[in-house]
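>
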Ligand SMILES: [Zn+2]
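Residue numbers (my numbering): 123 to 520.
1. On a CA-only basis, which of 213, 303, 377 and 274 is nearest residue 259? Give me that one, please.
2. Thinking residue 351 and residue 376 are a contact (beta carbons under 8 angstroms), I'd like their distance in whole angstroms, please.
3. Please find out if some non-hydrogen atom of ligand 1 comes closer than 7 angstroms to the beta-carbon of residue 190.
4. Please tell me whether residue 347 and residue 358 are closer than 8 angstroms, where the distance is taken between their beta carbons.
5. Report the CB separation of residue 333 from residue 137 in whole angstroms; it is logged as a contact under 8 angstroms.
6. Let me confirm a value: residue 209 is counted as buried when at least 16 other C-beta atoms fall within 10 Å, else exposed. Which label applies?
7. Near residue 177, which residues of its chain fall below 8 angstroms by C-beta distance, leaving aside the five closest residues on each side in sequence?
8. Beta carbon of residue 193: closer than 7 angstroms to some heavy atom of ligand 1?
9. Going by other Cβ atoms of all chains shown within 10 Å of its Cβ, with 16 needed for buried, is residue 440 buried or exposed?
10. Give me the DSSP bridge partner(s) of residue 285.
11. In whole angstroms, give me the CA-to-CA distance for residue 144 and residue 417.
12. Going by the DSSP bridge assignment, what does residue 153 pair with across the sheet?
13. Can you confirm whether the segment 288 to 307 touches the segment 223 to 234 when touching is taken to mean that 3 or more C-beta pairs between the two stretches lie within less than 8 angstroms?
14. Could you check what DSSP says for residue 133 in three-state terms: helix, strand or coil?
15. Per DSSP, which one or two residues make a beta bridge with residue 186?
16. Residues in the same chain with beta-carbon distance under 8 angstroms from residue 155, minus the five sequence neighbours each way, listed in chain order, please.
17. Tell me whether the beta-carbon of residue 285 lies closer than 8 angstroms to the beta-carbon of residue 151.
18. Have a look at the DSSP bridge pairing and note the partners of residue 291.
19. Cα separation between residue 167 and residue 293?
20. Which residue from 456, 479, 438 and 437 puts its Cα closest to that of residue 419?
21. Classify residue 490 as buried or exposed, calling it buried when 16 or more other Cβ atoms lie within 10 Å of its own Cβ.
22. On a CA-only basis, which of 446, 493, 467 and 344 is nearest residue 406? Give me that one, please.
23. Check whether the Cβ of residue 175 lies closer than 7 angstroms to any heavy atom of ligand 1, and answer yes or no.
24. Using C-beta distances below 6 angstroms, list every residue in its chain close to residue 360, excluding the 5 sequence neighbours before and after it, in chain order.
25. Measure the Cβ-Cβ separation of residue 239 and residue 225 and say whether it is below 8 angstroms.
26. Report buried or exposed for residue 515, applying the criterion of at least 16 other Cβ atoms within 10 angstroms of its Cβ.
27. Starting from the Cα of residue 370, find the closest Cα among 125, 163, 124 and 133 and give me that residue.
28. Shorter than 7 angstroms, the distance from the beta carbon of residue 346 to the closest heavy atom of ligand 1, or not?
29. Are the segment 408 to 417 and the segment 446 to 454 touching, with three or more C-beta to C-beta distances below 8 angstroms?
30. Taking 8 angstroms as the cut-off, decide whether the C-beta atoms of residue 463 and residue 503 are in contact.
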């Protein structure tokens with residue numbers, strides 16, 4: 123989890139390297155930006171650099187930890203005494219002592235999950251720690267920080283406290299943390315990471331140096347998926363198109379069979395566009411597709427549909443240059459499809475799908491949303507064709 127294993131983020135790495143070189147390290151940082159872009163990874167990489175015995179010039183602008191010294195090895199295992207990684211935890215067991223450390227307060231089962239999750243985090247800093255009922259960064263965790271801060275004067279090196287998903291501090295925790303933040307400390311750095319900076323109290327934010335972290339550029343994300351997950355180019359491109367610059371989001375798609383989901387939704391579209399007697403097949407398919415999907419999956423399906431249709435539009439507009447097509451493995455099929463609907467109103471269709479995604483997010487009945495979307499596609503694709511005018515469903519009731 124040194125800087126070299128953080129995907130992209132060169133601007134942030136450069137800023138932090140410069141601070142390191144000039145020994146102008148801030149007392150507190152807030153790394154903010156979208157989910158899954160590597161904020162924790164940057165924080166862990168920086169913490170490692172700050173404790174490394176033999177930092178290396180990685181590029182002309184970036185200094186990185188050596189990954190060889192004992193400090194680096196301990197940091198890699200998240201076992202360095204100077205580096206504390208704080209995350210949301212569930213409430214302690216009923217007989218927990220109030221003054222116990224937050225981990226001692228956990229039941230044995232939860233502690234075992236916590237240990238396994240921290241191991242996953244040390245293996246891959248992009249791993250999102252998930253513990254049952256862990257909604258809050260607990261006051262006990264902040265008290266633990268204070269305890270370590272008091273002891274830090276006796277220790278060598280720079281102590282780094284990383285508070286991951288810092289917006290999960292409740293008011294009590296945030297107030298207690300603010301007091302620590304207000305006190306001057308030598309050789310201590312706090313790093314808050316958050317994708318919801320606005321949810322943090324302004325009093326906390328204003329005491330941190332704020333570091334915006336960018337989304338991951340397309341090529342970097344595709345490259346990471348290919349090298350870290352041995353994907354072929356077309357699969358990596360498809361996942362990247364949905365991940366929108368977030369490696370974390372891309373990881374959540376790895377277990378989904380993207381290609382079969384795409385063929386399901388495109389088949390549904392084809393059924394909806396049948397010239398005659400489309401209703402029966404269409405309704406059956408619609409039922410199958412929506413029955414076992416939660417809202418996240420349905421949103422993904424709609425995004426796949428929008429990308430497919432966007433590609434058709436692209437194929438119509440720029441028939442001689444198909445480099446901008448995202449579903450590259452489907453070029454021929456996309457071209458054929460697009461040729462079949464020369465007068466389609468692509469803007470109206472894509473706009474409608476965006477609205478449908480909003481409706482899915484707002485808990486509108488999923489079957490209704492999918493049905494309306496497909497009927498709008500039918501209208502948009504078959505518009506101005508005699509088939510549509512002859513067989514147009516009256517007021518969209520089928
Ligand atoms: Zn080192």
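Every residue, glycine too, gets a C-beta built ideally from N, C-alpha and C.
Short version:
1. Taking the first residue of the chain shown as position 1, residue 259 is located at position 137. Among 213, 303, 377 and 274, the Cα nearest to that of residue 259 is on 213.
2. Numbered from 1 along the chain shown, position 229 holds the residue referred to as residue 351. Numbered from 1 along the chain shown, position 254 holds the residue referred to as residue 376. 6 angstroms between Cβ atoms; contact.
3. Locating residue 190 in the chain shown gives position 68, where the first residue counts as 1. Yes; taking the cut-off as 7 angstroms, the Cβ of residue 190 has a heavy atom of ligand 1 nearer than that.
4. What you label residue 347 is simply residue 225 of the chain shown in a count that begins at 1. What you label residue 358 is simply residue 236 of the chain shown in a count that begins at 1. Yes, the pair counts as a contact, with Cβ atoms nearer than the cut-off.
5. Residue mapping note: residue 333 aligns to position 211 of the chain shown, counting from 1. Residue mapping note: residue 137 aligns to position 15 of the chain shown, counting from 1. Yes, residue 333 and residue 137 are in contact; Cβ-Cβ is about 7 angstroms, under 8 angstroms.
6. Locating residue 209 in the chain shown gives position 87, where the first residue counts as 1. Classification of residue 209: buried, given that the 10 Å Cβ count is 16 or more.
7. Position 55 of the chain shown holds residue 177. Excluding sequence neighbours, residue 177 sits near 142, 171, 185, 186, 187 and 188.
8. In the chain shown, counting from the first residue as 1, residue 193 sits at position 71. Distance from the C-beta of residue 193 to the nearest heavy atom of ligand 1 is below 7 angstroms.
9. The residue you call residue 440 lines up with position 318 of the chain shown. Residue 440 comes out exposed.
10. Taking the first residue of the chain shown as 1, we reach residue 285 at position 163. According to DSSP, residue pairing for residue 285 in a beta bridge involves 208 and 314.
11. The residue labelled residue 144 in the question sits at position 22 within the chain shown. The residue labelled residue 417 in the question sits at position 295 within the chain shown. Taken atom to atom, the span from the alpha-carbon of residue 144 to that of residue 417 is near 49 angstroms.
12. Counting from 1 along the chain shown, the entry for residue 153 is found at position 31. Residue 153 pairs with 315 and 333.
13. At 8 angstroms Cβ cutoff, the stretches do not touch.
14. Locating residue 133 in the chain shown gives position 11, where the first residue counts as 1. Helix.
15. For the purposes of this step, residue 186 is taken as residue 64 along the chain shown, with counting starting at 1. The partner list for residue 186 (beta bridge, DSSP) reads 178.
16. Translated into positions along the chain shown, residue 155 becomes position 33. Excluding positions up to five away in sequence, the list reads 161, 317, 334, 335, 336 and 337.
17. Position 163 of the chain shown, counted from the first residue, corresponds to residue 285. Position 29 of the chain shown, counted from the first residue, corresponds to residue 151. The beta carbons of residue 285 and residue 151 sit no closer together than 8 angstroms.
18. Locating residue 291 in the chain shown gives position 169, counting from the first residue. Its beta-bridge partners are 259.
19. Taking the chain shown and counting its residues from 1, one reaches residue 167 at position 45. Taking the chain shown and counting its residues from 1, one reaches residue 293 at position 171. Rounded to whole angstroms, residue 167 and residue 293 show a C-alpha spacing of 29 angstroms.
20. Position 297 of the chain shown, counted from the start, is the residue given in the question as residue 419. Distance check between residue 419 and each of 456, 479, 438 and 437 places 479 closest, using alpha-carbon atoms only.
21. Walking along the chain shown from the start, residue 490 turns up at place 368. Taking a 10 Å sphere around the C-beta of residue 490, we find fewer than 16 other C-beta atoms and assign the residue as exposed.
22. Start at 1 with the first residue of the chain shown, and residue 406 comes out as number 284. Comparing Cα positions, the closest option is 493.
23. Taking the first residue of the chain shown as position 1, residue 175 is located at position 53. It does: the Cβ of residue 175 is within 7 angstroms (strictly closer) of some heavy atom of ligand 1.
24. For the purposes of this step, residue 360 is taken as residue 238 along the chain shown, with counting starting at 1. The residues are 380.
25. Mapped onto the chain shown, residue 239 falls at position 117. Mapped onto the chain shown, residue 225 falls at position 103. No, the pair does not count as a contact, with Cβ atoms beyond the cut-off.
26. Translated into the one-based positions of the chain shown, residue 515 becomes position 393. The pLDDT assigned to residue 515 is 46, lower than 50, so where the model puts this residue is not dependable; a value taken from the coordinates is nonetheless given after this. Exposed.
27. Working through the chain shown from its first residue, we reach residue 370 at position 248. Answer by Cα proximity: 163.
28. As a working note, residue 346 is residue 224 in the chain shown. It does not: the Cβ of residue 346 is nowhere closer than 7 angstroms to a heavy atom of ligand 1.
29. The segment 446 to 454 and the segment 408 to 417 do not touch, with fewer than three beta-carbon pairs separated by less than 8 angstroms.
30. Here the question's residue 463 lines up with position 341 in the chain shown. Here the question's residue 503 lines up with position 381 in the chain shown. Yes, the pair counts as a contact, with Cβ atoms nearer than the cut-off.
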